[in-house]
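Visitor:
Structure representation (structure tokens):
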């Protein structure tokens, strides 16, 4: 009854997923982890009884003990691993992006369609965050009327040294693109990267503000601030005809001292979305066992990557870039 | 020692100012109020001992008992009354806008310069709101680094039936324009009105989103929502290099009942900015007595009207409109 | 029309009152200030045009220009000055306590009754704080059912060196006693001082917790913490049958920086109750002009002092002390 | 590697534990559930593959597939089942109370001591709630100085019809007693039940206020309000020498509508402590596997029951009741 899970990638994200599989979800067993850097794979496998280390992700996928695969390896390796999972007929939860290019996403999507079976889930974990779930249900119930605007901010305390302006879009903004589509049930039809003052010497274009236009007329302004200094903070206000909703966050204790009353921010995504990652895994396991899939699918992965490509083009050109929809 | 004040206009705003002069500031006496509708003027004068009613604002200005004038009459009458005050050598606090057109503002500004004496204050009362004052001082102290972005929203519960899309700009957005200039110490160089979904049948373009570009690179997104339904709510987040500041508001009691924990919003600006109006009057009286003027002057009035004209042009054309600065 | 006000006492509290009279209320003029330390009286009178300095409060009361008197001198002088005001037939706003002993309060109360005219208001300014006013109106409207419990805390950042345990009661707790009576419309019938751990070496019994029993069965726990270190903070939660109400406070800006999201506390009562003091003066001036008095009267002053005496007795004995009501 | 868990009791609490074991923790399998009402046991076992139903808890304990036992049956059955677990040498997580009487607790404690092996954990799940954990760590780090006071409230939306005043203590207050001991590291030495106004006709003595005195001088006031109407709300403020800490709670979205800004309360403990129950189980499983036990042990279970007995005695007598410590 317990499902054997293999994790590809033993970096920060892969290690986190591996530990969540092993300790914080039911009905699963971590049986394998792979990383080209064998020591990283061994560090995890040594920690978790019954988990074997691999250096080759394709071998992990082929291993009979691995019943379903979680991909947390570098972005450019995603397509190859996902296709191998499809070839092996195994369920796969692939970290975003499904592929760095829309061509890659399309290849994967077509392969899954040819197979005639849904096996791919994309790791847009915010769809499992209780606050986003509640925000979407308010909208669906219609009690505030239709959606008009969304104000979003995605703030990291600090970006790593290798961070590029493009990565604000491919790493951070894609989460916003997916959640905007998911919350409103509408497609993104245009995106514009705006000029603003920059932090420090401005080598990194930070913060970056995007205007996102949805097919149903909803407009979203999205701030992406990778060096916001004060902490990890994800903010969304949904403005409807009869009221607005602010995204909640886990509320730590309130400390009164030294003249102020303060709550702390988490230093990174783990303190904010740890629960969403856990619930995403739980839901994915349920779908592996045959329940209706709940998360983002390959077409959602494609949609997010296409908007990201448009945002990168706008960043380059300084102009509004439209996104053609595939629908006939 | 007590200064005799005359108020022109006995509508909602004028009546409020009259009562504040009479009861909530020191060293002033309401001696006159005028309104073409004599019954409105009499309603106020009957309420306040020592206050005489007028139907003609120019007569009020000329009256010797009136030492300083507060103008709260319809916008198109402002220029004439302000010029009359200058002619009489009397201090004047003029409700915004100083004039509906930049040409009108310029006429007034030049008349004051020709006089060689600063007599005009424009009623941008937010400059006296303790929350904005604190936000500005944070920026001035530099402890959060330089300003990068501002996120603003101006929400009214409901707009009157005669409200037009243009009035979102001339009545509401002008406060945002002035406060953005005052907070950052920088000029607005361009404004863009954006398309978004509209409430109801969309006869009124509501909400309206403006992008405001400042000379120092700061970018502000400004939501103007005249029928936001839930209450009167003014929101500003200042995003700096090392932190952000959210505008506070008077915090009423927290009510826990029926499944929720709630605070109420005021139904209009009186519940939010009553104190700012009072403090503005107090500061204006001090300047009438000879202290350094603290509020917006005629050139600030001109600047706000010029940005409003650009915003109206953008609303019409759908394009970004630049604002030429007068500076050499 | 303008009322001439004399202030007795030019310490921190008297100086604050004098400036509020001069600048922040309408229809009044500060005409006199007295202090045995002439330099203190002159410091204020030099600041405010038309204000004359006195060294003797009785002379100030007798001065014809003084139409109404505000007493902010040391507690033990209150009775003498209040009686002199009654003798002169002048309205008096006396800082709490009306008298340090219930005998003193009773003497004053009887003198006023003999006069047959209400001239005394006691400075329990919280009755004018908008948050307390709203809390009381919730209770009166009955929408939450009847009151059951109150949880109160009175915290000062630091107590002056001369502070004694008794002063926690006579200076701080009296405000709580008055507001409990005023909120609930019920009398206090018993009070118990409880033992708890103490800050520092415990020379000052701080914090002190009092249990207060009301005639209608309502129970209040009151924390008095004179060296709470983090700021000035007054907290009240009213627990009713169907919900609770937390006292709001002016909400300064929210600062996000260095890992936290914080609001500041005022360092003393001026940042919290400045508005209540202003509104109290405004209401008192209205009653001087003949309107229905709105604040605490001499019998309220007596009631608070009687409860304070009981609390001091309980502090001494460690036992519950009952308070006999005068009512037949 | 997976541990086979048996749950005794298939009521609300037992069913919740069973589902958490099956779905939300790693390395465990729900293999058995028992309830005298066979249909309740079958309802759960039918839902979870591999889980067998029992009607007799002792049979469940004896079953070889059951490696560790979770007791969620009626209070009076706890002692028998715990002793059977000890007899079988199996780890047991027993819902509070360990036993309804201190004699029962002592019997169990002595049996465990005789065995020479720690096998018992008591279900005081708050010790795993992240907010309490953080509050305790603040105290341990000493950055706010020593603890002085605690203000606690335990509010349920509604109590079931069969609820008695005693149950406010045995069901609700015991959690407070345990957490006070755990937070401060000090023992409770006396408790006093106070009189207050009551909701409705007062048949149930509700709310109930307890004064709790700790060995180190800390004083806690504890409100127990079983019909607080507005929602499930657990509040704790820890007052230290240099600051205070308010217990956080999961912060749902903020809804602005109809004149207010509101957050909702959960309707019962599941919305507040669901995560604590999950983390408690996870930690218990780790201790079953041999790690250092983290939760409350049998002596903690005894301590809570002894304080509850004292509180019941005080409820009866109206007097302060001391609790003798066992320590030599």
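Chains as they are written, first to last, in the UniProt record's numbering: chain C, 1 to 328; chain D, 1 to 328; chain X, 1 to 328; chain F, 1 to 328.
Yeah, the Cβ is synthetic: ideal placement off N, Cα and C, and Gly gets one too.
As the structure is a prediction and not an experimental result, all values here were calculated from the model.
1. Of all Cβ atoms in chain X, is any one closer than 8 angstroms to the Cβ of residue 293 (chain D)?
2. What residue does the beta strand (DSSP E) around residue 130 (chain X) start on, and which one ends it?
3. Ordered along the chain, which non-local residues of its own chain (more than five positions away) have a Cβ less than 6 angstroms from that of residue 194 (chain C)?
4. Taking a cut of 9 angstroms between CB atoms, which residues from the segment 26–38 of chain C lie near chain F?
5. Which value, in whole angstroms, describes the spacing of the CA atoms of residue 242 (chain F) and residue 104 (chain X)?
6. Tell me the rounded alpha-carbon separation between residue 36 (chain X) and residue 19 (chain X).
7. Would you mind stating whether residue 260 (chain X) and residue 263 (chain C) have Cβ atoms separated by less than 8 angstroms?
8. Roughly how many angstroms separate the alpha carbons of residue 14 (chain X) and residue 226 (chain X), rounded to a whole number?
9. Using the Cα positions of residue 137 (chain X) and residue 238 (chain X), report the straight-line distance between them to the nearest angstrom.
10. Would you list, in sequence order, the uninterrupted alpha helix (DSSP H) runs of no fewer than 4 residues that lie entirely inside the segment 259–318 of chain D?
11. Thinking C-alpha only, which one of C:28, C:47 and C:9 is nearest residue 60 (chain C)?
12. With a threshold of 8 angstroms between beta-carbons, can residue 89 (chain X) be considered close to chain C, or not?
13. Using beta-carbon positions only, say whether residue 280 (chain X) and residue 295 (chain X) come within less than 8 angstroms of one another.
14. Give the straight-line distance between the Cα atoms of residue 249 (chain C) and residue 78 (chain D), rounded to the nearest whole angstrom.
15. Suppose the cutoff is 7 angstroms on Cβ atoms and the five residues either side in sequence are ignored; what does the same chain contact list for residue 125 (chain D) look like?
16. Use the C-beta contact count for residue 121 (chain F): other C-beta atoms within 10 angstroms, 16 or more gives buried, fewer gives exposed.
17. Strictly under 8 angstroms for the Cβ-Cβ distance: is residue 196 (chain X) near chain F by that measure?
18. Just the chain C side, please: which residues come within less than 9 angstroms of residue 243 (chain D) by C-beta, in chain order?
19. In chain order, what are the residue ranges of uninterrupted alpha helix (DSSP H) at least 4 long that sit wholly in the UniProt domain "GFO/IDH/MocA-like oxidoreductase" (132–245) of chain F?
20. Could you tell me whether any Cβ in chain C is nearer than 8 angstroms to the Cβ of residue 368 (chain X)?
21. Hey, how far is the Cα of residue 167 (chain F) from the Cα of residue 90 (chain X)?
22. Which bits of chain C does residue 19 (chain X) rub up against, with CB to CB less than 7 angstroms?
23. In terms of DSSP beta bridges, what is residue 5 (chain F) paired with?
24. Evaluate contact between the segment 97–115 of chain D and the segment 69–88 of chain D, counting only Cβ atoms and requiring at least three cross-stretch pairs below 8 angstroms.
25. Look at the Cβ atom of residue 69 (chain F), then the Cβ atom of residue 92 (chain F), and state whether they are nearer than 8 angstroms.
26. Does DSSP put residue 249 (chain D) in a helix, a strand or coil?
27. Once the 5 residues before and after residue 145 (chain F) are set aside, which same chain residues still bring their CB inside 7 angstroms of it?
28. Can you tell me which of F:232, F:74, F:55 and F:188 puts its alpha carbon nearest to the alpha carbon of residue 320 (chain F)?
29. Would you list the one or two residues that DSSP bridges to residue 54 (chain D)?
30. Considering residue 91 (chain F), what are the terminal residues of the beta strand (DSSP E) in which it resides?
31. Name the chain C residues that come within less than 7 angstroms of residue 225 (chain X), Cβ to Cβ?
32. Establish whether the CB of residue 314 (chain D) and some CB of chain F are separated by less than 8 angstroms.
33. Is the Cβ-Cβ distance between residue 218 (chain X) and residue 255 (chain D) less than 8 angstroms?
34. Does any CB atom of chain F fall closer than 8 angstroms to the CB of residue 171 (chain C)?
35. When you compare each of F:155, F:285 and F:49 to residue 27 (chain C) by their alpha carbons, which one comes out closest?
36. Counting only the same chain and skipping the five closest in sequence on each side, list residues whose C-beta sits under 7 angstroms from that of residue 328 (chain D).
Guide: In short, the structure shows the following:
1. Taking the second chain and counting its residues from 1, one reaches residue 293 (chain D) at position 293. No, residue 293 (chain D) lies away from the interface with chain X (no Cβ there is under 8 angstroms from its Cβ).
2. In the third chain, counting from the first residue as 1, residue 130 (chain X) sits at position 130. Following the DSSP letters along the chain, one finds residue 130 (chain X) in no beta strand (DSSP E) but inside the alpha helix (DSSP H) bounded by residues 130–141.
3. Stepping through the first chain from its first residue, residue 194 (chain C) is reached at position 194. Sequence-distant partners of residue 194 (chain C) (beyond 5 residues in either direction) whose C-beta falls short of 6 angstroms from its own C-beta, in its chain, are 209.
4. Taking a C-beta cut-off of 9 angstroms against chain F, the contacting residues of the segment 26–38 of chain C are 26, 27, 28, 29 and 30, listed in chain order.
5. Translated into positions along the fourth chain, residue 242 (chain F) becomes position 242. Translated into positions along the third chain, residue 104 (chain X) becomes position 104. About 38 angstroms.
6. The residue you call residue 36 (chain X) lines up with position 36 of the third chain. The residue you call residue 19 (chain X) lines up with position 19 of the third chain. Straight through space, the alpha carbons of residue 19 (chain X) and residue 36 (chain X) are spaced by roughly 19 angstroms.
7. Position 260 of the third chain, counted from the first residue, corresponds to residue 260 (chain X). Position 263 of the first chain, counted from the first residue, corresponds to residue 263 (chain C). Cβ distance < 8 angstroms, so residue 260 (chain X) and residue 263 (chain C) count as in contact.
8. Residue mapping note: residue 14 (chain X) aligns to position 14 of the third chain, counting from 1. Residue mapping note: residue 226 (chain X) aligns to position 226 of the third chain, counting from 1. The straight-line gap from Cα to Cα measures roughly 22 angstroms.
9. Here the question's residue 137 (chain X) lines up with position 137 in the third chain. Here the question's residue 238 (chain X) lines up with position 238 in the third chain. Rounded to the nearest angstrom, the two C-alpha atoms are 12 angstroms apart.
10. The alpha helix (DSSP H) runs lying completely inside the segment 259–318 of chain D and spanning 4 residues or more are 269–288 and 298–317, given in chain order.
11. Here residue 60 (chain C) refers to the residue found at position 60 of the first chain. Measuring from the Cα of residue 60 (chain C), the nearest candidate turns out to be C:9.
12. As a working note, residue 89 (chain X) is residue 89 in the third chain. Chain C contact via Cβ: absent.
13. Locating residue 280 (chain X) in the third chain gives position 280, where the first residue counts as 1. Locating residue 295 (chain X) in the third chain gives position 295, where the first residue counts as 1. Yes, these two residues count as a Cβ contact at 8 angstroms.
14. Along the first chain, read from residue 1 onward, the residue named residue 249 (chain C) stands at position 249. Along the second chain, read from residue 1 onward, the residue named residue 78 (chain D) stands at position 78. The C-alpha of residue 78 (chain D) is placed about 48 angstroms away from the C-alpha of residue 249 (chain C).
15. Taking the first residue of the second chain as position 1, residue 125 (chain D) is located at position 125. Same-chain partners within the cutoff: 273, 276, 277 and 280.
16. For the purposes of this step, residue 121 (chain F) is taken as residue 121 along the fourth chain, with counting starting at 1. Per the 10 Å Cβ criterion, buried.
17. Here residue 196 (chain X) is taken as the residue at index 196 of the third chain, counted from 1. Taking Cβ atoms only, chain F reaches closer than 8 angstroms to residue 196 (chain X), which makes this a yes.
18. Looking up residue 243 (chain D) in the second chain gives position 243. Going along chain C in sequence order, the residues near residue 243 (chain D) (Cβ under 9 angstroms) are 228, 229 and 230.
19. Those alpha helix (DSSP H) runs which fall completely within the UniProt domain "GFO/IDH/MocA-like oxidoreductase" (132–245) of chain F and span 4+ residues are 174–184.
20. Residue 368 (chain X) cannot be examined here, being either before or after the span of chain X that is shown, 1 to 328.
21. As a working mapping, residue 167 (chain F) is identified with position 167 in the fourth chain. As a working mapping, residue 90 (chain X) is identified with position 90 in the third chain. Each residue's Cα considered, the two are about 60 angstroms apart.
22. The residue labelled residue 19 (chain X) in the question sits at position 19 within the third chain. Chain-order list of chain C residues neighbouring residue 19 (chain X): empty, with the shortest C-beta distance near 25 angstroms, by a criterion of under 7 angstroms.
23. For the purposes of this step, residue 5 (chain F) is taken as the residue at position 5 of the fourth chain. Beta bridge pairing from DSSP links residue 5 (chain F) with F:30 and F:68.
24. Between the segment 97–115 of chain D and the segment 69–88 of chain D, the count of Cβ pairs shorter than 8 angstroms is three or higher; the stretches touch.
25. As a working mapping, residue 69 (chain F) is identified with position 69 in the fourth chain. As a working mapping, residue 92 (chain F) is identified with position 92 in the fourth chain. Pairing residue 69 (chain F) with residue 92 (chain F) gives a Cβ-Cβ distance under 8 angstroms.
26. Along the second chain, one-based indexing puts residue 249 (chain D) at 249. It is coil, neither helix nor strand.
27. Position 145 of the fourth chain, counted from the start, is the residue given in the question as residue 145 (chain F). Correct list, in chain order: 240, 241 and 242.
28. On the fourth chain, residue 320 (chain F) is found 320 positions in, with the first residue counted as 1. Ranking F:232, F:74, F:55 and F:188 by Cα distance to residue 320 (chain F) puts F:188 first.
29. Here residue 54 (chain D) refers to the residue found at position 54 when the second chain is read from its first residue. According to DSSP, residue 54 (chain D) bridges with D:34.
30. In the fourth chain, counting from the first residue as 1, residue 91 (chain F) sits at position 91. Counting along the chain, the unbroken beta strand (DSSP E) around residue 91 (chain F) starts and ends at 91–94.
31. Taking the first residue of the third chain as position 1, residue 225 (chain X) is located at position 225. Within chain C, no C-beta atom comes less than 7 angstroms from the C-beta of residue 225 (chain X); the nearest is roughly 11 angstroms away.
32. Taking the first residue of the second chain as 1, we reach residue 314 (chain D) at position 314. Residue contact check for residue 314 (chain D) against chain F: no CB pair falls below 8 angstroms.
33. Position 218 of the third chain holds residue 218 (chain X). Position 255 of the second chain holds residue 255 (chain D). Their beta carbons are not under 8 angstroms apart, which means residue 218 (chain X) does not touch residue 255 (chain D) by this criterion.
34. Residue 171 (chain C) sits at position 171 when you count from the first residue of the first chain. Chain F, which has no Cβ nearer than 8 angstroms to the Cβ of residue 171 (chain C), makes this no.
35. Position 27 of the first chain holds residue 27 (chain C). The shortest C-alpha separation from residue 27 (chain C) is found at F:49.
36. Within the second chain, the letter at position 328 stands for residue 328 (chain D). Per-residue confidence for residue 328 (chain D) stands at a pLDDT of 44, beneath the threshold of 50, marking its modelled position as unreliable; the derived number appears in the next sentence. Cβ neighbours of residue 328 (chain D) beyond the five flanking positions: none.
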